[in-house]
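Trainee: Questions regarding the structure given below will be posed in turn.
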Amino acid sequence: MNGNGAPPRVGDATTPSASGTAARTRLERGRGALGPALELVHTGRAPTRAVLTAELGVTRATAGAVAAELEALGLIRVDSRPGGAGGTGGAQGRPSHRLSVAEDGPVALAAQVHSDGFRAALVGLGGRIVATAPGKVTVSADPAQVLGAVVEAGAELLAESGRRCVGAGLAVPSAVAEPDGTALNPLHLAWPAGSPVRAIFAECVKAAGIDGPALTGNDVNLAALAEHRHGAGRSAQHLLCVATGHRGVGGALVLDGRLHSGSSGLALEVGHLTVNPEGRACHCGSRGCLDVEADPLAFLTAAGRSPGPEVSLLQQARDLLRDEPAEPAVRAATEELIDRLGLGLAGLVNILNPDRIILGGLHRELLYADPDRLRAVVADRSLWGRSGGVPILPCTLDHNSLVGAAELAWQPVLDDPLGALA
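If you read the sequence shown in my numbering, its first letter stands for residue 13, the second for the next number, and so on.
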């Protein structure tokens, strides 16, 4: 304890120790370990201080100082009460201190825009959605108007919560070109190609009086990032995510914990793989792309249903698949889309050799509907699938693009907790 009864802080030069040199060494190691330690707790990989010590490769004393500093910053909680699972504290078998994210800690503002509306949320460490604003159903052709509205909804959530905000992240249904942050091809929105969404979003966040960085990414990229850290993609080294969204099909690849975005942010535009050369005309100018052969509108059309305006196309497709799976036209549409999706996934397996595939949106429901058929199509059409198969799993997070958008805002804190929260 320090002079005022608080636990010693990693950055406190007066932290007591048996040796001044040992104390300085521990402090230096501790400062460098704050970010990695926070990420371990954030992703659930260090549920106890014993695990944290082992993962960081530091002494128990250093791990204790690091945990105390993160707790002092209001980011995690350290529970020393006995009975916690997941490791022991030492040779005597004392229960290790349990570590968890602070449930009342800071939050990130997350925003998502898609063809059927937009939504704002507050997301804490650990990928926990703290609060959400009701989704809106009208997306105008003016990105500034839409982003202003979603930030306003987020600002209201922040005011109601009283939480500190570390920054804001935005998920959009378009490739986001780097380094400018422009929505290169928002095909399912009426926005102009090349809209400077990052700059517009940042200006809206600043105008709302929200502190911290304002960052933007593609919705499926961000969904993949969230699933890799908190959901079905945990522990995968080469994770392929394919999802329908509300319109179209997107893909993302996470390699060794990092999104593979290509040279300018435009990698993994899987929606424009041709899976039916004589198929539907695509918005990109080609025909038979996965984007128009395996999305919610394609499913409703194949099932002979006319989309209505009441709810999103994604929800209409989900409801039909869940409520009438045995109806002949629905069953035929299900098989058609599974075959198209499987063909696309097989091509991606041949090129990327992932160790896991996760599916979101309507694709998750198609996997639930007939997992054997989908896996058989992929195995039959892919070289590596025949030699043992690639696990194909459903995404597990609700609103994973929102959680991924929050990860953008949390990243500076994960990189440097002291610097980001100073």
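For glycine and all other residues, C-beta sits at the position ideal for the given N, C-alpha and C.
Run through DSSP, which three-state label would Leu251 get?
Mentor: Looking at Leu251 - three-state DSSP - the assignment turns out to be strand.
Trainee: Is DSSP giving Pro424 helix, strand or coil here?
Mentor: Note: Pro424 maps to helix in three-state DSSP.
Trainee: Quick one: grab the DSSP three-state call for Ser186.
Mentor: DSSP places Ser186 in coil when its eight states are reduced to three.
Trainee: Within the same chain, show all residues whose beta-carbon is closer than 7 Å to that of Arg330, passing over the 5 residues directly before and after it, in chain order.
Mentor: Leu374 and Glu377.
Trainee: Can you confirm whether Asp410, when its beta carbon is compared against all beta carbons of chain E, has any partner nearer than 8 Å?
Mentor: Absent from the structure is chain E; it holds one protein chain and no more.
Trainee: DSSP three-state label for Ser413, please.
Mentor: Looking at Ser413 - three-state DSSP - the assignment turns out to be helix.
Trainee: Rounded to whole angstroms, what is the Cα-Cα separation between Ala344 and Gly291?
Mentor: Those two C-alpha atoms are separated by around 16 Å.
Trainee: With Ala372 as the anchor, note down where its beta strand (DSSP E) starts and where it stops.
Mentor: One point to set straight first is that residue 372 is Gly, not Ala, in the sequence displayed. First-last of the beta strand (DSSP E) with Gly372: Arg368 to Gly372.
Trainee: Let me know the secondary structure DSSP gives Leu8 once reduced to three states.
Mentor: Because the chain spans 13 through 434 in this model, residue 8 falls outside it and cannot be assessed.
Trainee: Below 8 Å on the Cβ atoms is my guess for Leu312 versus Leu332; work out the distance and round it to an integer in Å.
Mentor: Contact flag correct, Cβ pair sits at about 7 Å.
Trainee: Which residues mark the beginning and the end of the beta strand (DSSP E) in which Pro406 is found?
Mentor: Counting along the chain, the beta strand (DSSP E) containing Pro406 begins and ends at Ile404 to Pro406.
Trainee: Can you tell me whether Asp231 is helix, strand or coil according to DSSP?
Mentor: Helix, per DSSP.
Trainee: Could you compute how far the alpha carbon of Arg387 sits from the alpha carbon of Ile404?
Mentor: In a straight line, the C-alpha of Arg387 is about 7 Å away from that of Ile404.
Trainee: Can you name the start and end residues of the alpha helix (DSSP H) that Leu64 belongs to?
Mentor: Per DSSP, Leu64 belongs to the alpha helix (DSSP H) from Arg61 to Leu68.
Trainee: What ranges does the beta strand (DSSP E) occupy inside the region 119-155, keeping only unbroken runs of at least 3 residues that lie completely in it?
Mentor: DSSP runs (the beta strand (DSSP E)) wholly in the region 119-155: 119-126, 129-135 and 141-144.
Trainee: Can the beta-carbon of Leu409 be found closer than 8 Å to that of Ala238?
Mentor: Their beta carbons are under 8 Å apart, which means Leu409 touches Ala238 by this criterion.
Trainee: Three or more C-beta pairs closer than 8 Å, one from the region 226-241 and one from the region 317-327: is that the case here?
Mentor: As far as the Cβ criterion goes, the region 226-241 does not touch the region 317-327, which means the pair count is below three.
Trainee: CB-CB under 8 Å to Leu265, same chain, minus the five flanking residues each way: which ones, in chain order?
Mentor: Excluding positions up to five away in sequence, the list reads Ala236, His250, Leu251, Leu252, Cys253, Leu271, His272, Ala279, Leu280, Leu364 and Pro366.
Trainee: Please work out which residues of its chain come closer than 6 Å, Cβ to Cβ, to Ala314, disregarding the five sequence neighbours upstream and downstream, and give them in chain order.
Mentor: Here the set comprises Ala345 and Glu348.
Trainee: Between Gly99 and the rest of its own chain, which residues show a CB-CB distance below 7 Å, the 5 nearest in sequence each way excluded?
Mentor: Confidence at Gly99 is low in this model, with a pLDDT of 44, below 50, so its placement is unreliable and the value that follows should be read with caution. Same-chain partners within the cutoff: Thr60, Ala62, Val63 and Ser108.
Trainee: For Arg292, which three-state DSSP category applies?
Mentor: Arg292 falls in the coil class under three-state DSSP.
Trainee: Considering just the uninterrupted stretch of the alpha helix (DSSP H) at Arg352, what are its terminal residues?
Mentor: From DSSP, the alpha helix (DSSP H) with Arg352 extends over Pro340 to Leu364.
Trainee: Which class does Val266 belong to by DSSP, given the choice of helix, strand or coil?
Mentor: If DSSP states are grouped into helix, strand and coil, Val266 belongs with the strands.
Trainee: Does the region 175-192 come within contact of the region 412-426, defined as at least 3 CB pairs closer than 8 Å?
Mentor: At 8 Å Cβ cutoff, the stretches touch.
Trainee: Between which residues of its own chain and Gly47 is the CB-CB distance below 8 Å, once the five residues before and five after are set aside?
Mentor: Once the five neighbours on either side are set aside, the close Cβ partners of Gly47 are Leu426, Asp427, Asp428 and Pro429.
Trainee: Looking at the structure shown, is Pro321 part of a helix, part of a strand, or coil, going by DSSP?
Mentor: Looking at Pro321 - three-state DSSP - the assignment turns out to be coil, as it is neither helix nor strand.
Trainee: Nearest CA to the CA of Pro191: which residue from Leu170, Glu172 and Leu227?
Mentor: Measuring from the Cα of Pro191, the nearest candidate turns out to be Leu227.
Trainee: Taking all protein chains shown into account, decide if Gly257 is buried (16 or more other Cβ within 10 angstroms of its Cβ) or exposed.
Mentor: Counting Cβ neighbours within 10 Å, Gly257 comes out buried, since at least 16 surround it.
Trainee: Quick check: Leu111 and Val90, are their CB atoms within less than 8 Å of each other?
Mentor: Contact: yes.
Trainee: DSSP puts Ser207 in a beta bridge; with which residues?
Mentor: In DSSP, Ser207 forms a bridge with Ala195.
Trainee: Exposed or buried, Pro198, counting other C-beta atoms within 10 Å across all chains shown (16 or more means buried)?
Mentor: Buried, since its Cβ has 16 or more Cβ neighbours within 10 Å.
Trainee: According to DSSP, is Ile212 helix, strand or coil?
Mentor: It is helical.
Trainee: Name the DSSP bridge partner or partners of Cys180?
Mentor: The question names Cys, yet the displayed sequence has Ala at residue 180. Looking at the DSSP assignment, Ala180 forms a beta bridge with Leu121 and Ala226.
Trainee: Taking just the CA atoms, how far does Ala161 sit from Ala25?
Mentor: With a pLDDT of 36 at Ala25, under the threshold of 50, the predicted position of this residue should be treated as unreliable, though the coordinate-derived value follows. Spanning the two alpha carbons is a distance of roughly 46 Å.
Trainee: Classify Arg89 as helix, strand or coil using the three-state DSSP reduction.
Mentor: Arg89: strand per DSSP, three-state reduction.
Trainee: In angstroms, rounded to a whole number, what distance separates the CA positions of Cys216 and Val209?
Mentor: One C-alpha to the other measures close to 10 Å.
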